[in-house]
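Each protein sequence line maps, in turn, to chains A, B, C and D.
Note that the numbering used here has the first sequence beginning at 1, numbered continuously upward.
Note that the numbering used here has the second sequence beginning at 1, numbered continuously upward.
Note that the numbering used here has the third sequence beginning at 1, numbered continuously upward.
Note that the numbering used here has the fourth sequence beginning at 1, numbered continuously upward.
For every residue, glycine included, the Cβ atom is placed at its ideal position computed from N, Cα and C.
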Amino acid sequence: MSDDLSPTDVQAQLDANAADTMTRIFAHTVAAFGTEAVKQALLPRLLAGGIPFCLLYSEPGAGSDLASVRTRAERAEGGWRITGQKVWTSGAQTAEFGLLLARTDWDAPKHKGLSAFLTPMRQAGVDVRPLCQITGERHFNEVFIDGALVPADHLLGQVNEGWKVLQSALGYERVGMGAGASERRPGSVGDNRVDLIALAHGRGRLADPLIRHQLAQAIAWRQLNALNMDRARAEITASGASSLPSLGKLAMSRILHGDARVMTAILGAASLLDGPEQPDAEDANYRALHAYMTSIGGGTDQIQRNIIAERILGLPREHEADRELPFRESRAVIG
Amino acid sequence: MSDDLSPTDVQAQLDANAADTMTRIFAHTVAAFGTEAVKQALLPRLLAGGIPFCLLYSEPGAGSDLASVRTRAERAEGGWRITGQKVWTSGAQTAEFGLLLARTDWDAPKHKGLSAFLTPMRQAGVDVRPLCQITGERHFNEVFIDGALVPADHLLGQVNEGWKVLQSALGYERVGMGAGASERRPGSVGDNRVDLIALAHGRGRLADPLIRHQLAQAIAWRQLNALNMDRARAEITASGASSLPSLGKLAMSRILHGDARVMTAILGAASLLDGPEQPDAEDANYRALHAYMTSIGGGTDQIQRNIIAERILGLPREHEADRELPFRESRAVIG
Amino acid sequence: MTANPVGAPIDHEDQAAIRESFRRLLADHGSEVAVRRASESDTGYDTGLWRRISALGLAALAAPVEHGGAGAGPVLIESLMEAAGAALLCAPLLSSGVLAAGLLANSADEAAKARLLPPIASGERLATVALTGERGLWTPDDVTVVAVRSGDAWRLDGVAAFVTHGAQADLLLVVARAEGDLQTFEVAADAAGMRRESLKTFDRTQPMARITFEGAPASLIAGAGAHALERTLDLARVALAGEQAGGARRVFDVTIDYLKTRIQFGRPIGGFQALKHMAADLLVEVESAASAARGAAEALEDGSAEAEALVNLAAFACADAFSQVAAASVQMHGGIAFTWDHPAHLYLRRARADAELLGGSDHYRERYLSALEAAHV
Amino acid sequence: MTANPVGAPIDHEDQAAIRESFRRLLADHGSEVAVRRASESDTGYDTGLWRRISALGLAALAAPVEHGGAGAGPVLIESLMEAAGAALLCAPLLSSGVLAAGLLANSADEAAKARLLPPIASGERLATVALTGERGLWTPDDVTVVAVRSGDAWRLDGVAAFVTHGAQADLLLVVARAEGDLQTFEVAADAAGMRRESLKTFDRTQPMARITFEGAPASLIAGAGAHALERTLDLARVALAGEQAGGARRVFDVTIDYLKTRIQFGRPIGGFQALKHMAADLLVEVESAASAARGAAEALEDGSAEAEALVNLAAFACADAFSQVAAASVQMHGGIAFTWDHPAHLYLRRARADAELLGGSDHYRERYLSALEAAHV
């Protein structure tokens with residue numbers, strides 16, 4: 001049955017289950033690239049949001065330049081053996097599977113020697129270590145992988161075509177971030193939208209013309225992005241495609257940094273303080289740091305601008321000295 | 001006598017004569033690169049500001065990429081014959097000489113086949129046509145050159161080393177622009193510094209908090225640049241060198257665009273109008289357009305940022321595909 | 001409430017056909033050459049093009065079909081103005097077609113509509129609205145013309161400034177304070193006691209006048225007070241936002257094309273990251289402006305509770321976007337755009353002018369925040 | 001006037017030697033590891049480093065040499081604070097060395113100077129100034145502690161907030177309203193009727209306290225009223241501007257180094273134009289901050305008429321520069337700077353804190369413009 005599911009079908013079921021961004025990334029990826037066996041086994045649970053997942057893309061040496069990953073996958077009895085180090089992995093402790101990008105051909109150019117794997121996380125050879133972020137949270141992890149086994153039918157897509165799988169998965173991730181994912185310290189009340197006006201009012205700053213100016217602009221940025229996303233949905237309904245979702249993550253970055261700036265302006269000296277006894281200050285300070293999750297994570301603003309300029313506007317690609325070199329000769333390997 | 005003049009001597013005489021930027025560019029260039037004959041003949045008049053000059057660098061196909069000039073200089077009886085087209089030449093009608101960059105070797109890489117010439121402007125073969133700018137002024141010209149003669153001893157520097165001469169001349173030009181050259185419509189009264197506070201006061205806008213905020217920031221940018229230039233002078237006095245003057249042109253671009261923005265904000269709807277009966281509006285509108293003289297002319301802001309990043313900060317050079325190609329094989333020639 | 005005083009909405013296919021005809025007309029007759037010629041002409045607008053627009057039935061854009069108008073609601077008006085902005089239309093579509101026709105349509109004066117709208121629609125009479133005073137705020141507070149009644153007749157005194165096509169108009173609708181309230185008056189072009197002074201404008205595609213009234217005779221348009229005026233201004237705000245969104249997109253497209261073809265350093269300059277990143281940021285502005293203008297038009301057409309906030313949002317977001325994109329366009333082109341003959345400065349001039357017309361961005365940001373506060377309570 | 005109450009200026013070579021000793025001390029003992037350890041310690045500052053600074057004779061930076069102070073004027077203080085900012089110094093140099101020592105030096109109370117400055121200078125007693133109220137404006141208006149006299153004795157009531165090193169101080173100089181005027185009072189650390197509440201701060205290198213006075217006994221410092229306070233605050237503004245300029249330059253240098261060594265896409269990321277251009281723009285900010293801080297210090301030292309404008313300029317220009325550079329630094333580093341173990345966020349935290357300490361940028365922009373207006377008339 002599962003092989004009959006189109007992306008639209010997947011989308012519909014995810015919508016019906018109010019799936020979170022992570023589940024969407026995985027469900028779409030498995031539906032599009034999983035083997036029949038994996039789809040049969042996992043897709044129903046996946047669509048219902050029942051499988052904890054994590055993303056194993058980034059490495060210390062492969063951030064913006066994801067195609068330079070050096071984690072290796074080698075054929076072994078029963079499948080593939082994986083060895084390498086990943087970073088920025090959220091949910092690695094609880095994940096049942098990781099969507100992992102590894103190099104399978106070191107003689108091919110960097111983009112052409114990668115494969116994607118659905119890696120079982122609960123095995124020896126997978127060591128998860130929490131990474132403390134600037135917010136003080138430990139949302140992300142480093143994952144050290146030493147000879148972990150991936151069954152042969154857990155390959156996603158074709159061997160050496162992992163870049164395509166990654167691009168598809170990243171697309172879903174970025175759209176999720178553009179719509180405005182979690183902005184607030186976990187456990188805080190209220191929805192994800194800051195009520196800036198209420199904060200200014202509560203702090204007696206709502207009559208200050210400079211505050212009013214910043215408030216209006218910050219709220220405008222958010223509403224403009226929402227209007228763009230409304231148009232995106234209408235365009236997709238009408239014609240099946242829209243370039244607008246690609247703008248969302250970049251726009252959201254400005255929105256989140258902007259919100260933090262306005263909140264800080266409203267608070268003034270009170271933003272010097274922190275901690276649960278100063279919830280407004282803690283919120284503003286947290287947001288000022290957490291906004292980098294969107295402006296750096298999932299592809300920096302700079303990478304996003306490249307993507308928009310190249311894919312939507314058709315401007316020439318960035319010159320990449322090692323794009324066509326065999327990977328083992330690239331600076332990612334030889335330094 | 002003239003060959004004894006060091007750059008410091010030249011500077012001192014120029015300072016004593018309160019020479020303008022154009023005279024400074026020429027005097028330094030001739031003193032550093034002129035033949036003995038030319039220095040003997042011209043330097044005294046030059047230092048006194050007595051020779052009208054123009055700059056013949058840019059071409060329609062060589063703007064930011066000045067090294068791609070296609071004006072050609074060929075050896076001929078008595079010197080060199082020049083053929084080509086130049087643009088953005090101010091003062092070409094009245095100039096006695098033009099500092100001209102032409103290609104003398106088409107088989108060398110682009111930077112290595114250029115020579116600089118002191119070109120007599122008052123001759124057949126030099127056709128000056130005014131170019132109307134967005135301000136409506138005709139400050140600049142196109143110069144069409146068809147077989148004009150340059151005497152052999154009017155070569156500046158060595159053959160095929162014109163790029164070095166140009167870099168030296170551009171340095172003096174940019175420092176001049178960074179110190180804030182003419183900002184105002186010619187013929188208007190007052191000095192070059194806008195009195196923004198007086199404008200706001202006169203227009204009854206000085207109590208508006210948003211106007212006050214913009215005013216303070218605009219004036220601050222100007223004063224910060226002045227403080228940087230004070231430090232530059234002190235550093236040069238103390239150690240003979242300073243990287244600070246290189247920042248001036250980029251800073252001045254922000255200052256001038258910023259001034260125009262504040263003036264427009266102060267005027268509001270009055271900026272819809274123009275013409276001598278609306279001198280404030282005419283001034284604001286003129287500045288809004290004329291600011292591009294600094295952000296584009298003499299090397300765009302983008303080129304300035306490259307220069308600062310590469311020469312001051314030591315960041316890697318921009319990749320330039322045709323840098324080492326024989327010029328006749330570059331895209332500037334073959335398209 | 002609905003802001004559409006023109007009767008039954010035009011169906012989608014007809015709207016699409018109208019948009020297509022208008023775009024074709026501008027493509028055929030609204031070239032840059034035509035814009036430059038018209039802006040330097042005595043009339044200050046393209047009279048030939050205006051006749052063609054009238055022939056297409058679009059001169060009285062905001063007026064009901066029964067009086068010869070186009071019967072266009074906010075959505076259609078916004079989309080047509082996007083095309084007008086893209087082409088730098090040099091014609092009184094906003095003055096006569098939206099402001100004057102809209103104010104009449106929003107009035108309660110059926111006789112005035114029947115008498116005045118048909119010649120506006122046919123292009124026979126160019127109309128405009130004289131509203132703001134010397135401060136140029138386009139707010140009720142800034143109306144400085146006073147109307148005094150003597151018997152059945154009215155006379156006007158005071159000054160109206162920044163009147164678009166004010167010197168060219170055959171018919172002036174003048175907003176004045178009459179016995180404490182705002183009212184609208186019809187004043188003939190040849191009325192005694194009226195002096196029209198053509199103003200030199202920075203954007204030469206939008207002529208303006210300052211009009212002085214000294215006991216000028218005027219006729220009251222019934223039921224065209226503060227409420228009708230505000231509805232008409234909302235329509236004009238959406239129209240202007242559309243013009244700005246359209247202008248921003250066109251000057252952006254022109255710039256992107258240049259980035260792809262201009263070669264420096266051996267490659268198209270659009271391959272340089274500095275310009276690529278500027279372009280990406282500008283695309284966000286261009287798309288946001290389109291979304292804002294269209295969102296405001298839809299909300300106004302639907303009479304949505306969000307309309308007030310969205311109209312004010314569009315007013316400053318589109319103004320800022322057009323200003324920013326037009327300014328960046330000059331910078332990204334480099335020297336070529338510093339020449340008079342290059343179109344970039346025409347967009348820059350229009351962007352600067354549009355950013356002040358009907359009130360500046362700071363004014364609308366404040367109105368937007370106030371609307372949000374009101375919704376909040 | 002001259003803002004230097006410390007007697008004869010130190011000559012240039014001695015100043016250079018002091019700067020060099022201080023820089024070496026910070027290089028040897030003020031590493032990032034030391035900063036992190038100190039900021040997480042019970043005292044909230046590096047007590048060992050503070051002892052070394054005291055041994056160097058710099059603890060009472062702004063106090064006269066005759067009382068054991070460093071006798072530093074604004075220029076020397078500014079330059080030392082640049083080094084302190086670069087190293088994220090985690091010690092009460094501003095609180096005790098500039099604010100407290102400076103306020104005493106600016107007072108007319110020779111007995112208090114002779115009694116209090118030597119132990120401050122030796123590092124034996126940590127002093128600070130309690131000044132601003134809950135609004136955190138550091139202005140006379142915002143002083144909310146009230147002093148009431150009974151006979152020769154004074155008692156304080158009210159709250160002082162955002163008191164730097166307020167919980168750690170052995171000696172508090174409290175600015176209060178006394179019979180209508182501002183005056184400064186000495187309060188012992190163990191005074192009855194005083195409650196000190198250590199506050200959790202976002203920048204963990206700058207501990208703060210909120211201090212409540214309920215009839216706390218206090219001694220008047222003679223001649224330390226509004227004028228002495230304003231002179232001391234000017235010195236503190238220049239000191240803080242120096243700290244910001246120094247912090248901005250260091251975090252910028254760290255970033256440029258990273259751009260040169262981090263390889264992505266086969267080359268150092270500093271070769272990408274987007275980052276190069278960000279770096280060039282930031283260099284303008286870094287250099288402008290240094291020029292502003294030094295220019296203000298010189299003007300203050302010379303008693304120049306421009307001093308007021310320049311101090312206010314430095315206050316917001318340096319705050320904004322440090323904030324902007326520290327924020328950009330995180331972005332330019334990418335993921336690595338999002339980790340707790342990377343120093344970028346320490347600078348970001350300090351920059352955010354420094355930008356509010358002594359009053360925010362908008363406040364100083366307004367003061368700057370007012371100073372220019374006053375000079376203008």
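Out of curiosity, what's the CA-to-CA distance linking residue i and residue j?
i                 : j                    : result
histidine 342(B)  : threonine 89(B)      : With chain B running from 1 to 335 in the structure shown, residue 342(B) is simply not present.
glutamate 186(C)  : alanine 127(C)       : 10 Å
glycine 57(C)     : glycine 68(C)        : 7 Å
arginine 340(A)   : isoleucine 82(A)     : Because chain A here runs from 1 to 335, residue 340(A) falls outside it and cannot be looked at.
alanine 222(C)    : serine 107(C)        : 7 Å
isoleucine 307(A) : arginine 135(D)      : 45 Å
alanine 270(B)    : threonine 237(B)     : 47 Å
alanine 228(C)    : glutamate 356(C)     : 22 Å
glycine 335(D)    : proline 316(A)       : 26 Å
valine 254(D)     : aspartate 259(A)     : 28 Å
leucine 173(D)    : glycine 359(D)       : 19 Å
leucine 171(C)    : alanine 216(A)       : 39 Å
glutamate 40(D)   : phenylalanine 213(D) : 28 Å
serine 182(A)     : alanine 337(D)       : With a pLDDT of 48 at serine 182(A), under the threshold of 50, the predicted position of this residue should be treated as unreliable, though the coordinate-derived value follows. Serine 182(A) and alanine 337(D): Cα-Cα distance of roughly 20 Å.
asparagine 192(A) : aspartate 203(D)     : Because the pLDDT of asparagine 192(A) is 46, which lies under 50, any placement of that residue in the model is unreliable, and the question is left without a value.
glutamate 82(C)   : leucine 26(C)        : 12 Å
Could you tell me the boundaries of the beta strand (DSSP E) in which residue i lies?
i                    : result
proline 130(A)       : 126-131
glutamate 197(C)     : 194-199
phenylalanine 117(A) : 114-120
In terms of residue numbering, what span does the alpha helix (DSSP H) encompassing residue i cover?
i                : result
leucine 166(A)   : 162-178
arginine 231(C)  : 226-261
leucine 300(C)   : 273-302
proline 92(C)    : Per DSSP, proline 92(C) belongs to no alpha helix (DSSP H) and is neither H nor E.
threonine 264(A) : 245-267
arginine 203(B)  : First-last for arginine 203(B): undefined, no H or E at that position.
proline 279(A)   : 279-296
Measure how close the beta-carbons of residue i and residue j come, nearest whole angstrom, since I'm counting them as under 8 Å.
i                : j               : result
alanine 72(C)    : leucine 227(A)  : About 22 Å separates the two Cβ atoms, so there is no contact after all.
glutamate 137(B) : threonine 21(B) : Not confirmed; about 18 Å, so no contact.
arginine 155(D)  : alanine 218(D)  : 7 Å
*Residue ranges of each alpha helix (DSSP H) run of no fewer than 4 residues wholly in the segment 1-89 of chain B, ordered along the chain?*
7-16, 21-33 and 36-47
*Which ranges does the beta strand (DSSP E) cover as unbroken runs of at least 3 residues, wholly within the segment 99-162 of chain C, from first to last along the chain?*
The segment 99-162 of chain C is shown to contain whole beta strand (DSSP E) runs of 3 or more residues at 127-130 and 146-150, in chain order.
*Taking only beta carbons into account, state which residues of the segment 254-284 of chain C come closer than 7 Å to chain D, listed in chain order.*
Phe272, Gln273, Ala274 and His277
*Residues in the segment 320-332 of chain A having any Cβ partner in chain D nearer than 9 Å*: Glu320, Ala321, Asp322, Arg323, Leu325, Ser330, Arg331 and Ala332
*Going along the segment 196-213 of chain A in order, which residues come within less than 7 Å of chain B, judged by CB to CB distance?*
Pro209, Leu210 and His213
_Contacting positions in the segment 136-151 of chain B - beta carbon closer than 8 Å to chain C_ = Gly136
_Positions along the segment 196-218 of chain C whose CB lies within less than 7 Å of some CB in chain B_ = The segment 196-218 of chain C vs chain B, Cβ under 7 Å: Leu199, Lys200, Thr201, Phe202 and Met208.
*Could you list the residues in the segment 231-248 of chain B with a C-beta less than 7 Å from some C-beta on chain D, going in chain order?*
Arg231, Leu244 and Leu247
*Taking a Cβ distance cut-off of 9 Å, strictly less, list which residues of the segment 41-58 of chain B are near chain C, in chain order.*
Ser58
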